[in-house]
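S.K.:
Number of protein chains: 2
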Amino acid sequence: MSFDDQLPPKTRLLRAAAELLANSDGSPVSTRQITKLAGVTAPTLYHHFGDKEGLFDAVVSAGFEEYVAGERDFAPSGEPLEDVRRMWDNHVKFGLTQPHLYLVMFGNIRPESRPSIVADAEALLEEMLNKAAIAGQINVPPREAARSILAANVGVTLMLIAEPLEDRSIELSTMTRDSMIFAVSTDTARGAATGDSGKSSVVVAAIALNAALQASHSDQLSSSELKLFLEWLHRISSSS
Amino acid sequence: MSFDDQLPPKTRLLRAAAELLANSDGSPVSTRQITKLAGVTAPTLYHHFGDKEGLFDAVVSAGFEEYVAGERDFAPSGEPLEDVRRMWDNHVKFGLTQPHLYLVMFGNIRPESRPSIVADAEALLEEMLNKAAIAGQINVPPREAARSILAANVGVTLMLIAEPLEDRSIELSTMTRDSMIFAVSTDTARGAATGDSGKSSVVVAAIALNAALQASHSDQLSSSELKLFLEWLHRISSSS
DNA sequence: TCACTTCATATAGCGTTGCTATAGGTGCTA
DNA sequence: TAGCACCTATAGCAACGCTATATGAAGTGA
Chain D
1 MSFDDQLPPK TRLLRAAAEL LANSDGSPVS TRQITKLAGV TAPTLYHHFG
51 DKEGLFDAVV SAGFEEYVAG ERDFAPSGEP LEDVRRMWDN HVKFGLTQPH
101 LYLVMFGNIR PESRPSIVAD AEALLEEMLN KAAIAGQINV PPREAARSIL
151 AANVGVTLML IAEPLEDRSI ELSTMTRDSM IFAVSTDTAR GAATGDSGKS
201 SVVVAAIALN AALQASHSDQ LSSSELKLFL EWLHRISSSS
Chain L
1 MSFDDQLPPK TRLLRAAAEL LANSDGSPVS TRQITKLAGV TAPTLYHHFG
51 DKEGLFDAVV SAGFEEYVAG ERDFAPSGEP LEDVRRMWDN HVKFGLTQPH
101 LYLVMFGNIR PESRPSIVAD AEALLEEMLN KAAIAGQINV PPREAARSIL
151 AANVGVTLML IAEPLEDRSI ELSTMTRDSM IFAVSTDTAR GAATGDSGKS
201 SVVVAAIALN AALQASHSDQ LSSSELKLFL EWLHRISSSS
């Protein structure tokens with residue numbers, strides 16, 4: 001019943017919590033279950049993690065590293081937008097294979113614990129979108145695009161998790177994914193030879209330049225000059 | 001301290017629960033708080049609602065009717081896609097003004113309580129998108145479009161709720177909204193005179209016809225004929 | 001008018017939850 | 001050997017959701 005006695009109690013608590021969290025279909029997991037499975041008593045938990053939430057946070061950071069590893073572990077295809085698609089799919093896959101961990105990570109609403117993880121996930125996406133921006137493939141500043149795409153990605157994943165398994169169609173994901181990417185793409189990135197549809201090319205150019213500058217940490221301008229320059233670019237690329 | 005004694009205990013319980021739920025910043029609300037504020041004792045709660053969740057469900061249905069009322073209460077503008085935009089904005093507004101109610105309604109993950117509400121919200125959206133489909137303005141079957149848009153809408157709203165109030169920018173919402181609508185729109189609906197970008201016009205026509213048929217309950221075909229006919233149409237309009 | 005059923009509320013308490021005040025054991029350094 | 005962190009256990013508190021049981025009120029038929 002109990003866990004490997006070789007391991008230190010802290011590790012056993014982490015593993016027990018992760019295991020129970022993974023096998024409890026959404027129902028809450030009690031500290032008593034955890035400590036019993038880990039083979040320790042309550043104060044040990046609170047000594048190491050301070051809190052039930054502290055323990056869960058620790059489990060989550062482990063899970064998050066797994067998530068990040070998944071997001072990073074494919075070689076860039078040279079097609080940034082294609083990589084964004086893969087990040088999206090990977091996000092959904094992570095949510096569906098580890099729904100409970102996902103819910104603790106993204107379904108959690110408390111304005112303290114959530115943002116750090118969301119911000120990290122956003123940063124990953126933004127990094128990739130930055131490459132797309134440099135290539136002149138997107139329509140919107142990378143940060144805004146990342147926030148927007150991530151929001152949709154989380155929404156879709158939550159909806160799929162909440163859906164009974166039998167009629168859980170992955171189409172919802174691919175369609176929403178492509179809609180979001182399509183909407184932030186420039187026409188050239190879409191492969192169509194049609195004219196501009198909305199954004200003028202100067203805006204796209206400003207976005208691309210902005211991204212390129214931030215990526216290369218150019219030394220051609222002083223830092224204060226650069227700051228102002230970037231602000232102007234941002235203003236241009238945010239204008240409708 | 002207590003509630004209006006004129007009202008029956010059931011109503012007082014509902015109001016007390018709603019009030020506490022609205023003013024508890026995400027922290028859980030106990031049955032004891034509720035019964036104390038309502039001026040009744042525990043068994044009364046369980047007599048009327050069976051369950052804590054039963055009481056919350058009752059509160060939610062009241063809140064949901066408010067939500068639906070908001071979604072219906074503007075006159076159709078004649079521009080279905082514009083109405084979809086308004087439904088989106090109304091959804092976000094509802095979530096931000098009643099975050100706790102919203103979280104119980106849409107942030108809840110249990111695969112039993114959630115779908116009914118989500119399905120209702122989906123139906124509202126689908127109804128509107130059906131009009132757009134009849135007008136040949138959308139690219140995708142209305143049901144799929146509704147699911148997709150709603151998922152993004154929920155994701156954005158949750159993300160805005162989770163965000164600290166000071167840097168809660170509504171841009172995220174409008175941008176994601178327009179991205180989703182843009183992606184499901186046909187070119188004519190976009191106002192651009194460019195050529196087809198992806199979908200062939202026969203697909204759009206099939207989608208429009210399908211929507212029109214389902215809306216009018218045409219009697220020109222027998223029900224079994226109609227069923228098969230609709231299936232073919234669906235197959236056409238789902239083809240990439 | 002009186003017994004009888006039905007609905008609604010209260011008293012009191014069960015089992016479980018997250019958490020902790022306190023104390024004891026263990027291994028290290030002096 | 002003494003002292004000092006560090007870690008763990010015993011025991012128990014307050015709050016939680018919920019319920020077995022009892023009491024009151026209101027309507028119904030004889």
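In order, the protein sequences belong to chains D and L. Sequential numbering from 1 applies to the first sequence in the UniProt record's numbering. Sequential numbering from 1 applies to the second sequence in the UniProt record's numbering. In this text, a Cβ means the ideal position worked out from N, Cα and C, and glycines have one as well.
Taking 9 angstroms as the CB-CB limit, is residue 130 of chain L close to chain D?
M.R.: no
S.K.: Could you check whether the region 13 to 22 of chain D touches the region 49 to 59 of chain D, counting it as contact only if at least three pairs of C-beta atoms, one from each stretch, sit closer than 8 angstroms?
M.R.: They touch, by the three-pair rule.
S.K.: Within the 9 angstroms Cβ cut-off, does residue 30 of chain D reach chain L?
M.R.: Chain L, which has no Cβ nearer than 9 angstroms to the Cβ of residue 30 of chain D, makes this no.
S.K.: Distance, Cα to Cα, residue 164 of chain L vs residue 94 of chain L?
M.R.: 17 angstroms
S.K.: Would you say residue 144 of chain L reaches chain D, if we count a Cβ-Cβ gap shorter than 9 angstroms as a contact?
M.R.: yes
S.K.: Starting from the N-terminal side, write out each stretch of the alpha helix (DSSP H) that is 4 residues or longer and does not extend beyond the region 71 to 137 of chain D.
M.R.: 80 to 97, 99 to 106, 113 to 134
S.K.: Does the count of Cβ pairs from the region 93 to 107 of chain D and the region 150 to 169 of chain D closer than 8 angstroms reach three?
M.R.: Put simply, the region 93 to 107 of chain D touches the region 150 to 169 of chain D. At least three CB pairs are less than 8 angstroms apart.
S.K.: Can you tell me whether residue 66 of chain D is buried or exposed? The criterion is at least 16 other CB atoms within 10 Å of its CB, across all chains shown.
M.R.: Residue 66 of chain D sits exposed, since fewer than 16 C-beta atoms from the chains shown fall within 10 Å of its C-beta.
S.K.: With a threshold of 6 angstroms on Cβ separation, who are the neighbours of residue 18 of chain L within its own chain once the five nearest residues in sequence on each side are excluded?
M.R.: Cβ neighbours of residue 18 of chain L beyond the five flanking positions: 59.
S.K.: Taking the CB atoms as reference points, tell me whether residue 132 of chain L and residue 76 of chain L lie closer together than 9 angstroms.
M.R.: no
S.K.: Does any C-beta atom of chain L lie closer than 9 angstroms to the C-beta of residue 176 of chain D?
M.R.: yes
S.K.: Can you tell me whether DSSP reads residue 218 of chain D as helix, strand or coil?
M.R.: Confidence is the limiting factor: at residue 218 of chain D the pLDDT is only 49, short of 50, which leaves the residue's position unreliable and the question unanswerable from this model.
S.K.: Could you check where the alpha helix (DSSP H) with residue 23 of chain D kicks off and where it finishes?
M.R.: 9 to 23
S.K.: Between which two residues does the alpha helix (DSSP H) containing residue 153 of chain L stretch?
M.R.: 142 to 162
S.K.: With respect to the alpha helix (DSSP H) encompassing residue 178 of chain L, which residues constitute its N-terminal and C-terminal limits?
M.R.: Membership of residue 178 of chain L in the alpha helix (DSSP H) is indicated by the continuous run 171 to 184.
S.K.: Need the endpoints of the alpha helix (DSSP H) that residue 168 of chain D sits in, please.
M.R.: From DSSP, residue 168 of chain D is part of no alpha helix (DSSP H); its letter is neither H nor E.
S.K.: Give me, in chain order, the residues of the same chain whose beta-carbon lies closer than 7 angstroms to that of residue 181 of chain D; leave out the 5 immediate sequence neighbours on both sides.
M.R.: Excluding residues up to 5 positions away in sequence, 81, 84, 85 lie with their Cβ nearer than 7 angstroms to the Cβ of residue 181 of chain D in the same chain.
S.K.: Measuring alpha carbon to alpha carbon, tell me which of L:179, L:8, L:137 ends up nearest residue 186 of chain L.
M.R.: Of all alpha-carbon atoms in L:179, L:8, L:137, the one lying nearest the alpha-carbon of residue 186 of chain L is that of L:137.
S.K.: With H, G and I counted as helix, E and B as strand and the rest as coil, what does DSSP make of residue 27 of chain L?
M.R.: Correct three-state label for residue 27 of chain L: coil.
S.K.: Buried or exposed: which applies to residue 170 of chain D, given that a residue is buried once 16 or more other Cβ atoms fall within 10 Å of its Cβ?
M.R.: Result: exposed.
S.K.: Does the distance between the C-beta of residue 66 of chain D and the nearest non-hydrogen atom of the ligand ADP fall short of 8 angstroms?
M.R.: This structure simply doesn't include the ligand ADP, nor any ligand for that matter.
S.K.: Determine, using beta carbons only, whether residue 9 of chain L comes closer than 9 angstroms to chain D.
M.R.: no
S.K.: What would DSSP say about residue 63 of chain L, mapped onto helix, strand or coil?
M.R.: helix
S.K.: Run through DSSP, which three-state label would residue 44 of chain D get?
M.R.: helix
S.K.: Closest to residue 144 of chain L by CA distance: which of L:29, L:183, L:39 is it?
M.R.: L:183
S.K.: With 16 other CB atoms within 10 Å as the buried threshold, where does residue 32 of chain L fall?
M.R.: So residue 32 of chain L counts as exposed.
S.K.: Using only CA atoms, which one of D:87, D:9, D:146 lies nearest to residue 44 of chain D?
M.R.: D:9
S.K.: Please list, in chain order, all residues of the same chain as residue 99 of chain L whose beta carbon is under 7 angstroms from its beta carbon, the five residues on each side excluded.
M.R.: These residues qualify, in order along the chain: 161.
S.K.: For residue 240 of chain L, collect the residues of the same chain with a Cβ closer than 8 angstroms to its Cβ; drop the 5 residues on either side in sequence, then sort them by chain order.
M.R.: With a pLDDT of 43 at residue 240 of chain L, under the threshold of 50, the modelled position of this residue cannot be trusted, and the question is left open.
S.K.: Against chain D, which members of the region 61 to 86 of chain L pass a CB distance test of less than 8 angstroms?
M.R.: Residues: none.
S.K.: On the premise that residue 87 of chain L lies in contact with residue 124 of chain L, defined as a C-beta separation below 8 angstroms, what is that separation, rounded to the nearest angstrom?
M.R.: 7 angstroms
S.K.: Relative to chain D, which residues along the region 152 to 170 of chain L have a C-beta separation below 8 angstroms, given in chain order?
M.R.: 152, 153, 154, 155, 156, 158, 159, 161, 162, 163, 164
S.K.: Cα-Cα, which of D:173, D:139, D:101 is closest to residue 29 of chain D?
M.R.: The option with the nearest alpha carbon to residue 29 of chain D is D:101.
S.K.: In whole angstroms, give me the CA-to-CA distance for residue 199 of chain D and residue 139 of chain D.
M.R.: With a pLDDT of only 47 at residue 199 of chain D, under 50, the local geometry of the prediction cannot be trusted, and no value is derived from it.
S.K.: By Cβ distance below 7 angstroms, which residues in the same chain neighbour residue 192 of chain D in space, the five residues on each side in sequence not counted?
M.R.: Legend: pLDDT at residue 192 of chain D = 43, less than 50; position of this residue unreliable, value from coordinates given subsequently. Answer for residue 192 of chain D: no residue qualifies.
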